[in-house]
Each structure stands twice: as structure tokens, then as C-alpha cells.
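What the sequence shown shows, in the numbering used here, is residues 3 to 661, in sequence order.
Scroll down for the structure; my scribbles are underneath it.
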Amino acid sequence: MSERLAPRVKGLSYGGDYNPEQWPESVWAEDVALMREAGVTVVSLGIFAWAWLEPADGRYEFDRLDRLMDILHAGGVAVDLATATASPPAWFSVAHPESLPVDPDGRTLTYGSRQAFCPSSPAYRRKALDLVERLAERYREHPALAMWHVHNEYACHNAHCYCEISADAFRAWLQARYTDLDGLNAAWGTAFWSQTYTDWAQVQPPRATVTSSNPTQLLDFRRFSSDAHLANFTAERDVLTRVSPGVPITTNLMAASCYALDYWQWARELPVISNDHYVLAEAPTPPAAQTAYAADATRGLAGGGSWLLMEHSTSAVNWQPRNLAKAPGALLRESLGHVARGSEGAMFFQWRASRAGSEKWHSAMLPHAGTASKVWREVVALGGALRRLAEVEGARVVAHVAILLDYPSGWAQEAPNQPSTDLGAFDEIKRWHAALWRAGIAADLVHPAADLSRYVAVLAPSLYLADDDAIANITDYTASGGTLIMGPYSGLVDRNDHLRTAPLPGAFHKLLGVRVEELFPLPEAASVALDDGSTAAVWTEQLSVTEATVLASYLDGPVAGEPAITRFGETWYLGTRLSDDALTALLASATGAPVTHRVPAQVEAVRRRHDGGNSYLFLLNHGDGPAVVDARGTDLLTGTAWTGPAEVPGRGVVVLREA
Ligand code: GLA
Ligand code: GLA
């Protein structure tokens with residue numbers, strides 16, 4: 003379980019990234035006064051301030067940061083102090099051109115944006131750790147210091163590097179994994195296309211070549227790259243732990259948008275789990291379902307325990323094709339949507355909107371329009387709401403359904419040369435989560451080898467690669483009576499992305515009581531009808547039933563008349579990609595899981611509960627009109643005691659301490 007910011011920050015955390023280096027010092031006092039007005043309790047300070055703190059190699063200038071820390075402390079604002087290593091200064095890149103990242107085509111990418119470094123660069127590591135050590139020594143006793151914020155969104159822009167330094171590091175990583183070249187050749191299946199390596203020096207990152215690279219090389223390179231970034235994180239963490247013991251440490255993840263890192267490995271190394279989430283304004287999935295996924299995925303990384311929403315936006319972002327501002331009320335519902343699912347607060351990018359730079363059109367807590375604005379009024383109101391919700395801190399979300407998520411499986415499935423480019427791995431996991439969200443059923447995202455015993459049902463929407471641990475774990479779970487619902491194209495390959503020799507779906511054909519004879523992906527935009535009234539698209543398979551019962555068959559399409567959905571005991575197999583509605587209906591009944599609370603369709607209900615103590619029902623009304631919910635308790639936001647049904651205002655939120 004993840005640590006908490008408490009007791010260094012009382013109650014729920016509220017604030018945002020604070021980048022004072024963008025402003026004259028005369029603005030700082032006003033910042034702190036307005037933070038107090040908004041109810042800000044903590045800021046993430048100086049995330050991109052490396053050049054400000056170390057303007058030349060070895061010349062550290064901390065006096066301005068000293069003053070800021072003092073001003074913030076005097077104002078009652080705690081500091082999540084950044085190690086500032088996410089954007090190396092220009093002087094560093096010029097002095098160490100070999101630290102610049104190289105793309106698969108061999109093109110060196112230059113500085114002038116941010117995160118322009120090779121994750122395996124020793125020079126970067128050395129200079130970053132020097133800065134971290136200085137910061138830790140200087141501020142470890144500062145009373146404003148609440149947490150260390152390492153780096154920022156690892157791998158957001160520099161996930162993979164193909165330079166010579168990376169090639170050496172990749173070879174060293176492979177040598178540790180395979181001990182000898184025979185092992186590597188076997189794992190990568192290099193007998194194919196005459197790819198056999200006879201000297202380690204021949205082995206490269208998957209640089210641009212004339213046609214498809216070896217898929218296991220691609221997969222291992224992704225594993226290696228995740229480890230390379232993680233080694234940078236643990237190196238910073240270890241300096242902080244040594245120099246500044248006892249202070250919580252985090253780095254902000256992107257659980258709903260970054261698939262470059264194996265976050266399960268990261269979660270093991272990360273004392274406090276925090277996450278950044280930005281709604282995709284024009285995506286077909288409603289914003290609230292996107293928020294629910296991000297929060298549930300982050301809580302999964304926190305082992306079901308506490309985590310913190312480190313960034314979201316008060317209104318528009320600046321990096322989507324059309325950056326839509328949020329409607330009135332959306333900010334409160336989005337922030338509390340995260341809190342409802344276990345976040346111990348709501349933080350933003352960023353405190354004060356920038357006047358210059360590529361993010362000047364990104365919203366902030368204090369917008370360009372200043373305090374005479376909808377955003378500011380909603381920011382102040384949210385501060386008040388979070389203060390009134392303080393008692394939910396530490397309460398846990400109870401979910402009865404688990405959704406399996408495995409990064410290497412998604413990486414292997416999303417490599418080139420698959421039967422269809424339309425069957426995404428991570429997207430499909432999100433789609434199943436959204437189906438449960440529509441059904442009002444709470445879910446945890448978990449690793450396939452995690453303890454599944456507390457769940458009434460486990461969903462495996464997309465588990466193309468299942469290693470031996472995952473297979474054993476899932477098999478044990480079903481043997482003890484758990485319900486398993488598995489999506490198509492699962493259990494086919496081992497950890498090296500080699501097909502298992504058993505009949506398809508290799509790992510699970512016995513468990514499911516079916517054999518896949520042939521894969522029949524559908525043409526683009528085609529759909530098929532099933533005899534239970536549902537429709538499907540993208541994907542079909544020719545199934546032959548060994549022991550399972552057929553629940554639905556295809557009425558048309560390439561495998562008309564053949565089984566589409568089967569059930570064997572408590573294990574279900576979907577050989578196709580059901581429509582959203584059909585998937586929702588199937589999961590609502592097949593999981594056998596209770597809904598969180600009976601609510602009208604426009605209302606989302608989520609519950610947090612203190613072990614052996616109070617339980618809190620969050621009711622988020624996404625409709626314009628008021629909604630009536632059969633629930634009793636005291637609304638923490640207004641103090642209203644609802645003894646009959648509770649009324650949730652249109653676009654509003656009620657948080658009941660349940661009677
Ligand atoms: C070409 C090549 C074969 C094989 C097929 C696949 O014909 O000669 O080696 O790659 O394409 O369709
Ligand atoms: C990410 C980064 C922030 C900022 C926001 C903009 O989350 O961490 O620095 O760029 O995106 O949405």
C-alpha cells in the first residue's frame with residue numbers, strides 16, 4: 003500500500019504545480035495570498051526549474067527558492083518539492099551532446115523543449131543526482147517540505163532512445179537476462195529470417211530497418227526502456243532517502259495515458275503513488291468514465307490504498323486538436339470523481355497561467371482573466387468542498403471485480419504484423435472498464451499475478467501474452483470458484499512472444515473448454531449479428547467447443563453459425579468484440595457483482611469506507627436537471643441531513659456520510 007502525504011498535510015491535498023521562476027518576485031506574495039483564499043494546502047514547486055537553480059554547471063543558486071519556501075510556509079502552504087530534473091538546461095545539453103536522445107532513424111533530437119535526454123545517459127544521471135543531493139541537503143529540515151516530487155512524468159517525451167549509449171545499455175540488460183547468446187537467440191527466435199547473432203556487439207536496439215523488426219527484440223527493448231527510466235527514478239529516490247529520510251517521495255505517473263512504462267514494476271519502488279489525468283474532450287468515452295478509469299488504474303497501482311491526483315486541469319488544456327473549456331460544474335465533478343475513487347486530494351497543472359511558453363493557453367487555477375472569472379470561483383468553491391471532505395481521507399474504495407492489465411502483453415499485441423490493427427490492447431481494457439462503469443459496478447485494475455481471491459469476478463479483456471505466473475494465478479482463481487470472463491485473442495503467447503504449442507488459445511483452452519481453430523478478423527467498419535440480439539465488430543474467431551456451452555452464435559459474417567460466446571462452469575469466453583451496449587449487458591449479469599448503489603442513469607455512485615468506520619457515498623450528477631437518489635445520510639458538502647431520498651442538483655455532487 004502506498005504511503006500518504008499525511009501527517010505533513012492535514013486532510014485532503016489541494017493545490018497545483020507552482021512555477022514561480024516564470025514570474026517576477028513581486029508576484030509571489032500575491033500568489034500566496036490567493037492560494038490562501040482558494041484553500042490551497044500544498045503546491046508542487048519548481049518542477050522545471052533546473053536552469054533557475056543551477057544556471058551554470060555547478061553554480062547552484064538557491065536563495066530565491068529559500069525565500070519562496072519561507073513565504074509559502076508563512077502562508078500555511080506545504081511544499082511538494084520537485085527535484086527539477088525533468089528538463090536539463092541548455093548548458094548541460096551543449097556540454098554533453100551525447101546525452102541527447104536519438105530516434106529509431108538515427109536522428110538526434112535537440113534541446114529547446116523538455117525531457118530531451120537519453121534515459122541511459124551517465125552524464126544526465128550524474129548531474130541530476132548532484133542537483134538532487136544539494137536540494138535534499140538544503141531543504142530536508144525546512145518546515146514547508148511535505149514531500150519530494152521526483153522528476154516529472156517519466157518517459158512522457160523520451161520513452162525510447164536508440165543512441166550508442168542506449169545500445170550498450172541494452173546489451174548489458176540482455177546479458178543479465180539471457181546469460182549467453184544462445185539464450186538470446188532462442189528467446190528472440192532468431193532462426194527466423196537469418197537473424198542469428200554470433201557476437202553481442204551485433205545486437206542493437208530496434209533501429210529503423212527495411213521491414214519489420216524482430217518482435218521479441220521490440221518487446222525486450224520496451225522492457226529495457228521502462229527499466230532504464232526506473233533506474234533513474236530509484237537513483238534519485240535513494241539519494242533522497244539517504245539525505246532526507248522520513249519524507250514521502252513520489253513521481254507523477256500517467257496511468258491512463260502512458261503505456262511506455264511497466265507501472266506495476268514502478269509501483270513497487272514508489273513510496274507515494276500519484277497520477278496526472280487529462281480528459282480527452284472529444285473522445286467517445288464520456289469524461290466521467292475516463293476519470294473513473296484513470297482513478298481506478300491509479301488505485302490499482304497503490305494496491306487499493308491511498309494515492310494522490312497530482313495533476314488535472316481546471317478547464318482547457320493546450321495539446322488536443324481542439325481544446326474545449328469545461329462547462330460550469332465539470333471541475334467539481336471531475337475532481338471529486340477522483341476523490342471518490344481514492345485520491346487523497348485534487349492537484350492541478352498549474353497554479354498561475356503562464357504568459358509565455360508553449361503552455362500559455364493551458365488553463366490554471368488562477369487564469370489569465372484573474373479572480374473575476376468562472377474558473378477562479380470554481381477553484382475557490384472546490385477548495386471549500388475539499389476542506390469539508392477532510393474526514394474521507396484514508397477511507398478505501400471497495401470493488402468486487404478485477405480487470406487484468408499487463409504492460410508487456412499490450413506491448414506484444416500492439417507490435418506490427420498482428421491479424422488486425424483494429425483490436426487494441428490497452429483500449430480494449432478501457433472499453434471493458436467503461437462497460438462496468440455504465441453498469442454502476444466498481445472495479446480495480448490489477449496485475450494478472452496479483453491476489454485475486456477477494457473478487458467475485460475477474461475480467462481479462464486483453465491478455466494476448468500470458469506468462470506462466472499469470473496462467474497459474476488465473477487457473478487457481480477459477481479452481482477456487484471465481485468467475486473469469488476472458489476477451490478474444492488471449493493466452494496465445496509466452497513471455498517471449500512465442501506461440502504456445504497447445505491448441506489456441508494455448509494457455510487457457512482447457513480452462514475455457516474451447517479451441518480456436520482460426521482467427522477471422524473483420525474488414526474495417528464491418529459488423530456481425532449474434533443470435534442473442536447483440537452485435538459485434540472488429541474481430542471474430544472460429545471456435546470449436548470442447549467442454550463449454552454455447553451462449554451465443556454468429557448469425558452472419560465469416561463464421562456464421564459458429565459459437566461466439568461460450569461458458570464452461572464459471573469461465574466465459576468472448577471470441578468477438580461485442581458492441582459497448584452488449585458488453586455492458588453481458589458484464590452486468592455475468593460478473594454477478596453488486597452495483598455500488600441504485601441510481602438514475604445520469605448519476606454516478608462511488609463509495610469509500612473507513613475500515614470498521616464511516617462510509618461515504620459520492621453521488622455525481624452528470625445531467626443538467628436534479629436527480630433523486632434513494633439514500634440517507636448527511637451531505638458533507640452542505641451539511642444537509644437527508645432522511646428520505648437525497649436530491650442531487652443538476653451538474654452537482656452530494657457526498658453522504660451514510661446513515
Ligand atoms: C513474401 C516473401 C515471403 C513472406 C511472404 C508473406 O512473398 O517472399 O518470405 O514474407 O511475402 O506474405
Ligand atoms: C503534463 C505535464 C505538465 C503539463 C501538463 C499539460 O501533465 O506534467 O507539466 O505539461 O501535462 O496538460
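All C-beta atoms in this analysis are idealised placements derived from N, C-alpha and C, irrespective of residue type, glycine included.
For this session: Return the CA-CA distance between GLY359 and GLN352, expressed in angstroms with no decimal places.
Result: 14 Å
Problem set entry | Nonlocal neighbours in the same chain, by C-beta distance under 6 Å from ASP19, ignoring five residues either side | SER46, ILE49, PHE351 and GLN352
Exercise. Can the beta-carbon of GLY493 be found closer than 9 Å to that of PHE510?
Worked result: yes
For this session: Note down, in chain order, each residue of its chain lying with its Cβ closer than 8 Å to the Cβ of GLU346, except the 5 sequence neighbours on either side.
Result: ARG6, LEU7, ALA8, LEU14, SER15, SER308, TRP309, LEU310, GLU395 and GLY396
Problem set entry | Residues bridged to TYR16 (per DSSP) | ALA348
For this session: Using alpha carbons as the reference points, say which of PRO250, ALA88, TRP30 and VAL608 lies closest to VAL274.
Result: PRO250
Problem set entry | Extent of the continuous beta strand (DSSP E) to which SER617 belongs | 617 to 623
Exercise. Buried or exposed: which applies to LEU501, given that a residue is buried once 16 or more other Cβ atoms fall within 10 Å of its Cβ?
Worked result: exposed
Exercise. What are the residues that DSSP puts in a beta bridge with PHE570?
Worked result: THR573
Problem set entry | Neighbourhood of PRO217 by C-beta distance below 6 Å, restricted to the same chain and skipping five residues each side | ALA417 and ASP499
Problem set entry | Local conformation of GLY635 per DSSP, three classes | Residue state, collapsed to three classes: strand.
Exercise. Nearest to PRO208 by CA position, among TRP190, ASP469 and ASP182, is which residue?
Worked result: Measuring from the Cα of PRO208, the nearest candidate turns out to be TRP190.
Problem set entry | Residue closest to GLU39, alpha-carbon to alpha-carbon, out of LEU467, GLY385, TRP52 and THR316 | GLY385
Exercise. If you draw a straight line from the C-alpha of ALA731 to the C-alpha of ALA538, how long is it?
Worked result: Missing from the structure shown is residue 731; the chain here goes from 3 to 661 and no further.
Exercise. Got a sec? Which residues, its chain only, sit under 6 Å from VAL448 by beta carbon, not counting five neighbours each side?
Worked result: GLY302 and ALA404
For this session: Would you identify the three-state DSSP class for LEU447, choosing helix, strand or coil?
Result: strand
For this session: For VAL650, collect the residues of the same chain with a Cβ closer than 7 Å to its Cβ; drop the 5 residues on either side in sequence, then sort them by chain order.
Result: VAL605, LEU621, ASN623, PRO628, ALA629, VAL631 and VAL656
Exercise. So, helix, strand or coil for VAL656, using DSSP?
Worked result: strand
For this session: Taking the CB atoms as reference points, tell me whether HIS159 and GLN117 lie closer together than 9 Å.
Result: yes
For this session: Might you give, ordered along the chain, the residues of its own chain that have their beta carbon closer than 6 Å to the beta carbon of PRO602, omitting 5 neighbours on each side?
Result: ALA629
Exercise. Which value, in whole angstroms, describes the spacing of the CA atoms of VAL400 and PHE94?
Worked result: C-alpha separation (whole angstroms): 48 Å.
Problem set entry | Assigned secondary structure, PRO289 (DSSP; H/G/I helix, E/B strand, else coil) | helix
For this session: Take HIS612 and list the residues in its own chain whose beta-carbon comes closer than 7 Å to its own, dropping the five residues that flank it on each side.
Result: GLY396 and ALA397
Exercise. Is TYR126 near HIS144, with beta carbons less than 9 Å apart?
Worked result: no
Exercise. Just to confirm, does TYR265 get its C-beta within under 8 Å of one of the non-hydrogen atoms of ligand 2?
Worked result: Answer for TYR265: no, Cβ out of range of ligand 2.
Exercise. Can you list, in chain order, the stretches of the beta strand (DSSP E) that have 3 or more residues and sit fully within the stretch 435 to 517?
Worked result: 445 to 448, 459 to 462 and 485 to 488
Problem set entry | Nearest-angstrom beta carbon gap, THR480 and GLU572 [assumed within contact, 8 Å] | 6 Å
Exercise. Measuring from the CB of TRP309, is there a heavy atom of ligand 2 at a distance below 8 Å?
Worked result: Not under cutoff, so the answer is no.
For this session: Check whether the Cβ of SER315 lies closer than 8 Å to any heavy atom of ligand 2, and answer yes or no.
Result: Yes, Cβ of SER315 sits closer than 8 Å to a heavy atom of ligand 2.
Exercise. Quick one: any contact between the stretch 120 to 134 and the stretch 167 to 181, if contact means 3 or more CB pairs under 8 Å?
Worked result: yes
Problem set entry | Collapsed DSSP secondary structure at VAL29 in the structure displayed | VAL29: helix per DSSP, three-state reduction.
Exercise. Do you know whose CA, among THR87, ALA332 and VAL44, lies nearest MET71's CA?
Worked result: Nearest to MET71 by alpha-carbon distance, out of THR87, ALA332 and VAL44, is VAL44.
For this session: Helix, strand or coil for MET37, going by three-state DSSP, please let me know.
Result: Helix.
For this session: Let me know if ARG270 comes out buried or exposed under the rule of 16 or more other beta-carbons within 10 Å of its beta-carbon.
Result: exposed
Exercise. Should LEU506 and GLY489 be called a contact, given that it needs their Cβ atoms to be closer than 9 Å?
Worked result: No.
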